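Taking it in order: structure first as structure tokens, then the write-up.
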Amino acid sequence: MTTRRISDHAVEQFVGRLLQIGVAISALVILVGGVMLLAHHGGEVPSFGTFAGEPEGLSTLAGILRGVGAGDARAIIQFGLVLLIATPILRVAFTWVAFFLQRDRVYVGVTTVVLALLLYGLLYGHA
Amino acid sequence: MTLLLFTILVFIGSLAAGLLGALTGLGGGLIIVPMLTLLFGVDLRYAIGASLVSIIATSSGAAAAYVREGYTNVRVGILLEVGTVIGALIGAALAGITPTNVLAILLGVVLLISAYRSSRPRAEHAVAREPDKWAARLRLDSTYPTANGKQAYAVTNVPGGLSLMFLAGILSALLGIGSGIVKVIAMDQMMRLPFKVSTTTSNFMIGVTAAASAGVYLHRGYIDPSIVLPVVLGVLAGALTGARILSRANVKWLRILFTTVVVIMAVQMLYKGILGNV
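Protein chains in written order, with our numbering: chain A, 472 to 598; chain B, 676 to 953.
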């Protein structure tokens, strides 16, 4: 009982640190993309009041990666956002590993369900 | 307005929202959507997408601090996450077919409830002694640090908490908010967790819930990089600063200020929603 709590806590501390690093990296990527965006398009007048929806290159993982390869500022920001969305999913994945190491079958099952739903949302996204 | 000016102004607004949200414990995500739509004329769908992503940033960024204090109940969090994530995926699907004025009215109502609840003093209730059947089977009981050392607590009403979490997930995805208020009610009032455990476990869950619907919104084209840029960086900087100066700030007045802002925005959202002017 006691050992279970201690290892829960140790894992959580590690994962908490990991989350901070994840957020820092994604914020940095967003910042780089943002500086590039403003340098090239800062003078344009956008119309955010009308909803047009983002093009394929900014709304699918494949499109975003293609844009990053081409050095597109907007795609780099979106890539930073994908990293950001991935950080809590990574946290759940680590929780899964912790329950697995504790041989806690019930919670391995529960965490698997949560993880599967999250990955479905991120990869397919047609709820 | 040029993109540069828009970016600077939204950054300042988001910084203030993140700062006040962290200092008052209400969460900055609550006023991002009204700020973007009412002050900057951004379409409601883009605003909800940007708000959701900023919630993930603050939730993950704050997690490490909470974890160190040892309050989060990971078992409770991950179990209730089943409810919120299913709710979030359904909410994201509903968002596509819900008229924007209905969303505006719903957001106005949630803002008013949040403001009302935050203005009332909260009392630490007695912790439950006997866990219910489900809590015992799922080993949800735990301990948390208090001034008098570690105190044990039991958990009750798991089915009730789980259903309220499902609702929290739907609201979070529909409105781009953390639904922290619903999550805390579910854990604090229904499941009888100690207040500090409820708030930190809620923070753990908010990022995961938002991640579920953010993926769907990304694919649907609701997440615009030019809008998200100042919102995420502003809210994150504000929240981190807030967490750092929390002990030195006069929270009472800030809470009154923030609650007033929330009420004003709630009334405007309701007004626009009822006129169908969104």
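Note that the Cβ used here is the ideal one computed from N, Cα and C, for glycine as well. Quick caveat, the model's predicted, so the values are computed rather than measured.
Within 8 Å, strictly: CB atoms of residue i and residue j
| i | j | result |
| --- | --- | --- |
| leucine 679 of chain B | glycine 580 of chain A | no |
| threonine 558 of chain A | leucine 490 of chain A | yes |
| glutamate 525 of chain A | glycine 896 of chain B | yes |
| phenylalanine 879 of chain B | threonine 747 of chain B | yes |
| valine 516 of chain A | threonine 712 of chain B | no |
| leucine 849 of chain B | leucine 778 of chain B | yes |
| glycine 783 of chain B | leucine 945 of chain B | yes |
| tyrosine 591 of chain A | isoleucine 753 of chain B | no |
| valine 883 of chain B | glutamate 756 of chain B | yes |
| alanine 732 of chain B | leucine 555 of chain A | yes |
| leucine 508 of chain A | serine 901 of chain B | yes |
| aspartate 807 of chain B | valine 833 of chain B | yes |
| asparagine 823 of chain B | valine 953 of chain B | no |
| threonine 821 of chain B | methionine 866 of chain B | no |
| glutamate 527 of chain A | glycine 534 of chain A | yes |
| isoleucine 780 of chain B | isoleucine 949 of chain B | yes |
| isoleucine 845 of chain B | serine 789 of chain B | no |
| leucine 956 of chain B | glycine 703 of chain B | Beyond the ends of chain B as shown, which are 676 and 953, falls residue 956 of chain B; an answer cannot be given. |
| glycine 540 of chain A | isoleucine 501 of chain A | no |
Whole-angstrom C-beta distance between residue j and residue i, which should lie under 8 Å
| i | j | result |
| --- | --- | --- |
| glycine 520 of chain A | aspartate 718 of chain B | 6 Å |
| valine 708 of chain B | glycine 851 of chain B | 5 Å |
| alanine 697 of chain B | glycine 917 of chain B | 3 Å |
| lysine 858 of chain B | tyrosine 819 of chain B | Contact doesn't hold; Cβ gap of about 17 Å is too wide. |
| leucine 690 of chain B | alanine 885 of chain B | With a Cβ gap of about 20 Å, leucine 690 of chain B and alanine 885 of chain B do not count as contacting. |
| glycine 893 of chain B | glycine 596 of chain A | A small fix is needed here, since residue 893 of chain B is leucine in this sequence, not glycine. The Cβ separation is near 7 Å, so the contact holds. |
| threonine 934 of chain B | serine 793 of chain B | 6 Å |
| serine 847 of chain B | aspartate 863 of chain B | Contact doesn't hold; Cβ gap of about 18 Å is too wide. |
| isoleucine 548 of chain A | leucine 904 of chain B | 6 Å |
| valine 563 of chain A | valine 584 of chain A | Between valine 584 of chain A and valine 563 of chain A the Cβ distance is about 10 Å, and since that is not below 8 Å, they are no contact. |
| alanine 692 of chain B | isoleucine 683 of chain B | Incorrect: roughly 15 Å between the Cβ atoms, too far for contact. |
| valine 906 of chain B | valine 685 of chain B | 6 Å |
Start and end residues, alpha helix (DSSP H) containing residue i
| i | result |
| --- | --- |
| glutamine 826 of chain B | Looking at the DSSP string, glutamine 826 of chain B is not in any alpha helix (DSSP H); the run it does join, the beta strand (DSSP E), is 824-828. |
| valine 751 of chain B | 749-770 |
| leucine 813 of chain B | Leucine 813 of chain B -> no alpha helix (DSSP H), and no H or E assigned at all. |
| asparagine 776 of chain B | 775-794 |
| phenylalanine 565 of chain A | 544-572 |
| arginine 930 of chain B | 926-950 |
| valine 953 of chain B | That residue, valine 953 of chain B, is in no alpha helix (DSSP H); it is neither H nor E in DSSP. |
| leucine 589 of chain A | 576-594 |
| serine 888 of chain B | 870-895 |
| arginine 537 of chain A | 532-540 |
| arginine 919 of chain B | 900-920 |
| serine 847 of chain B | 833-850 |
| isoleucine 687 of chain B | 678-699 |
| isoleucine 856 of chain B | 855-859 |
| glycine 704 of chain B | 704-709 |
Nearest neighbour of residue i, chosen from the options [CA to CA]
| i | options | result |
| --- | --- | --- |
| alanine 829 of chain B | B:Ser794, B:Leu839, B:Ala918 and B:Leu813 | B:Leu813 |
| glutamine 826 of chain B | B:Leu868, B:Leu787, B:Leu786 and B:Val785 | B:Leu868 |
| threonine 759 of chain B | A:Gly487, A:Leu509, A:Leu589 and A:Ala481 | A:Leu589 |
| leucine 529 of chain A | A:Ile560, A:Ala546, A:Val563 and A:Gly542 | A:Ala546 |
| alanine 843 of chain B | B:Leu695, B:Ile683, B:Ser888 and B:Phe715 | B:Ser888 |
| phenylalanine 681 of chain B | A:His512, A:Leu586, A:Arg488 and A:Val494 | A:His512 |
| threonine 531 of chain A | A:Ile501, A:Gly542 and A:Val553 | A:Val553 |
| serine 735 of chain B | B:Ile706, B:Ala692, B:Leu915 and B:Ile931 | B:Leu915 |
| arginine 720 of chain B | B:Gly703, B:Ile772, B:Val749 and B:Ile761 | B:Ile772 |
| serine 838 of chain B | B:Ile939, B:Val906 and B:Gly762 | B:Gly762 |
| alanine 811 of chain B | B:Phe841, B:Leu764, B:Val751 and B:Pro774 | B:Val751 |
| phenylalanine 485 of chain A | A:Phe522, A:Thr566, A:Ile560 and A:Ile501 | A:Thr566 |
| lysine 927 of chain B | B:Ala767, B:Leu764, B:Arg795 and B:Arg919 | B:Arg795 |
| threonine 875 of chain B | B:Phe715, B:Phe841 and B:Ala737 | B:Ala737 |
| glycine 542 of chain A | A:Ala587, A:Thr582 and A:Val506 | A:Val506 |
Cross-chain neighbours of residue i in chain D, by beta carbon under 7 Å
| i | result |
| --- | --- |
| glycine 896 of chain B | Of the protein chains in the structure, A and B, none is chain D. |
First and last residue of the uninterrupted beta strand (DSSP E) at residue i
| i | result |
| --- | --- |
| threonine 821 of chain B | 817-821 |
(message) Taking beta-carbon pairs under 7 Å, can you tell me which members of the region 819-842 of chain B lie near chain A?
(response) If you check each beta-carbon in the region 819-842 of chain B against every beta-carbon of chain A, none falls closer than 7 Å.
(message) Along the region 904-935 of chain B, where does the CB come closer than 7 Å to a CB of chain A? Name the residues.
(response) Hits within the stretch, in order: Leu904, Val907, Leu908 and Leu911.
(request) With 9 Å as the C-beta to C-beta threshold (strictly closer), list the residues of the region 537-560 of chain A near chain B in chain order. (result) Those residues of the region 537-560 of chain A that come within reach of chain B (Cβ to Cβ, closer than 9 Å) are Ala544, Arg545, Ala546, Ile547, Ile548, Gln549, Gly551, Leu552, Val553, Leu555, Ile556, Ala557, Thr558, Pro559 and Ile560.
(request) Check distances from the C-beta atoms of the region 850-868 of chain B to those of chain A and list, in chain order, the residues that come in under 8 Å. (result) Within the region 850-868 of chain B, no residue has a Cβ that lies closer than 8 Å to any Cβ of chain A.
(request) Give, in chain order, every residue of the region 749-760 of chain B whose Cβ lies closer than 7 Å to some Cβ of chain A. (result) So the list reads Val749, Arg750, Ile753, Leu754, Glu756, Val757 and Val760, given in the order they occur along the chain.
(request) Quick one: which residues of the region 780-793 of chain B get their C-beta closer than 9 Å to a C-beta of chain A? List them in chain order. (result) From the region 780-793 of chain B, no residue has a Cβ closer than 9 Å to chain A.
(request) Scan the region 496-512 of chain A for residues whose Cβ lies nearer than 9 Å to a Cβ of chain B and list them as they occur along the chain. (result) Near chain B, meaning a CB-to-CB distance below 9 Å, the residues of the region 496-512 of chain A are Ser497, Ala498, Ile501, Leu502, Gly504, Gly505, Leu508, Leu509 and His512.
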